[in-house]
Amino acid sequence: VAAFTRVSYCKLRNTGATLAAVGTAGGSSLYNCDIQGGSGAASAVAAISHTAIIGCYIHDTATGITMSTGFNMTVIGCIIDTCATCGIDFTSSQDCGSQVHGNTFYGAETPAGIGIRVIAAGYRVTITNNIFYGLTTALSCVSQTQAHYIDYNNFYNNTADATNIKKGPNDTAVNPSFTDAAGGNFAIGSA
2 VAAFTRVSYC KLRNTGATLA AVGTAGGSSL YNCDIQGGSG AASAVAAISH TAIIGCYIHD
62 TATGITMSTG FNMTVIGCII DTCATCGIDF TSSQDCGSQV HGNTFYGAET PAGIGIRVIA
122 AGYRVTITNN IFYGLTTALS CVSQTQAHYI DYNNFYNNTA DATNIKKGPN DTAVNPSFTD
182 AAGGNFAIGS A
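Going letter by letter, the sequence shown gives residues 2 to 192 in this note's numbering.
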């Protein structure tokens with residue numbers, strides 16, 4: 002996707018092992034897309050600076066979103082489902098102002114994968130109002146840091162909720178009772 006381009010209501014697929022289903026350039030955005038990556042090392046979305054990913058269904062891939070360079074990625078209202086390695090992987094050396102808000106991260110009923118991984122202590126990520134369910138580790142950071150704002154998230158059925166990141170004082174542990182997560186229906190409070 003070229004810089005400052007908006008892609009909406011698309012079905013994007015990559016069943017290969019080495020390329021992302023979609024790559025974004027600075028200032029681009031993805032709205033309400035169904036995105037599936039390959040089973041290899043590639044991500045469903047390879048994002049760089051100032052990318053907005055809103056209301057997307059990202060699923061059945063090794064890594065859902067990789068933020069490999071730059072600053073300020075926004076992920077709002079997405080379902081990030083069955084990512085074998087990681088839902089969102091912040092892999093660059095620093096970030097300033099990324100926001101992850103109102104998303105559902107689903108691993109499996111028997112926990113699998115990481116929800117969000119941050120490899121550098123220089124990050125400044127806001128992580129609020131998300132559901133983390135069925136993950137080996139919901140939030141993971143390579144080293145302890147106080148720079149993130151994390152609060153009002155729900156952690157349930159995870160092996161570990163947080164590694165080297167502190168959860169917020171208003172985080173909860175309530176079963177969201179998904180209608181049929183295995184079937185891709187993440188309506189909550191039905192059971």
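We put the beta carbon where it would ideally sit given N, CA and C, even for glycine.
What residue range does the beta strand (DSSP E) around residue i cover?
| i | result |
| --- | --- |
| Gln-145 | No beta strand (DSSP E) holds Gln-145; DSSP gives it neither H nor E. |
| Gly-195 | Because the chain here runs from 2 to 192, residue 195 falls outside it and cannot be looked at. |
| Ser-44 | 44-48 |
| Thr-75 | 75-77 |
| Asp-162 | 161-164 |
What does a CB cutoff of less than 6 Å around residue i pick up in its chain, not counting 5 residues either side in sequence?
| i | result |
| --- | --- |
| Leu-31 | Val-8, Ile-54, Cys-57 |
| Ala-139 | Gly-116, Phe-133, Phe-156, Asn-159, Asp-162 |
| Ala-47 | Ala-21, Gly-24, Thr-67 |
| Ser-141 | Ile-115, Arg-118, Thr-164 |
| Gly-17 | Gly-39 |
| Thr-51 | Inspection of the sequence shows that residue 51 is occupied by His rather than by Thr. Cβ neighbours of His-51 beyond the five flanking positions: Gly-27, Gly-28, Asn-73. |
| Ala-85 | Ala-63, Gly-114 |
| Asn-61 | The sequence given here has Asp at residue 61, not Asn. These residues qualify, in order along the chain: Gln-37, Thr-83. |
| Gly-190 | Ser-178 |
Helix, strand or coil, according to DSSP, for residue i in the structure here?
| i | result |
| --- | --- |
| Ala-1 | Lying before the first or after the last residue shown, residue 1 is absent from the chain, which here runs from 2 to 192. |
| Gly-140 | Here residue 140 is Leu; the residue named in the question, Gly, does not match the sequence. Three-state result, Leu-140: strand. |
| Tyr-153 | coil |
| Arg-125 | coil |
| Thr-105 | strand |
| Ser-69 | coil |
| Gly-116 | strand |
| Ile-189 | coil |
| Thr-111 | coil |
| Thr-173 | strand |
| Val-8 | strand |
| Ala-53 | strand |
What are the residues that DSSP puts in a beta bridge with residue i?
| i | result |
| --- | --- |
| Ala-18 | Bridge partners of Ala-18: none, in fact. |
| Ile-36 | Leu-13, Ile-59 |
| Phe-133 | Phe-106, Phe-156 |
| Gly-24 | Ala-47 |
| Thr-64 | Ser-44, Cys-87 |
Might you give, ordered along the chain, the residues of its own chain that have their beta carbon closer than 7 Å to the beta carbon of residue i, omitting 5 neighbours on each side?
| i | result |
| --- | --- |
| Gln-145 | Asn-165 |
| Thr-193 | This structure does not reach residue 193, given that the chain is present from 2 up to 192, and the question cannot be answered. |
| Gly-176 | Per the sequence shown, the amino acid found at residue 176 is Asn instead of Gly. Contacts found: Tyr-157. |
Here's a check: name, in chain order, each residue in its chain whose Cβ is nearer than 8 Å to the Cβ of residue i, leaving out the five neighbours to either side.
| i | result |
| --- | --- |
| Glu-110 | Gly-135, Asn-158, Ala-182, Ala-183 |
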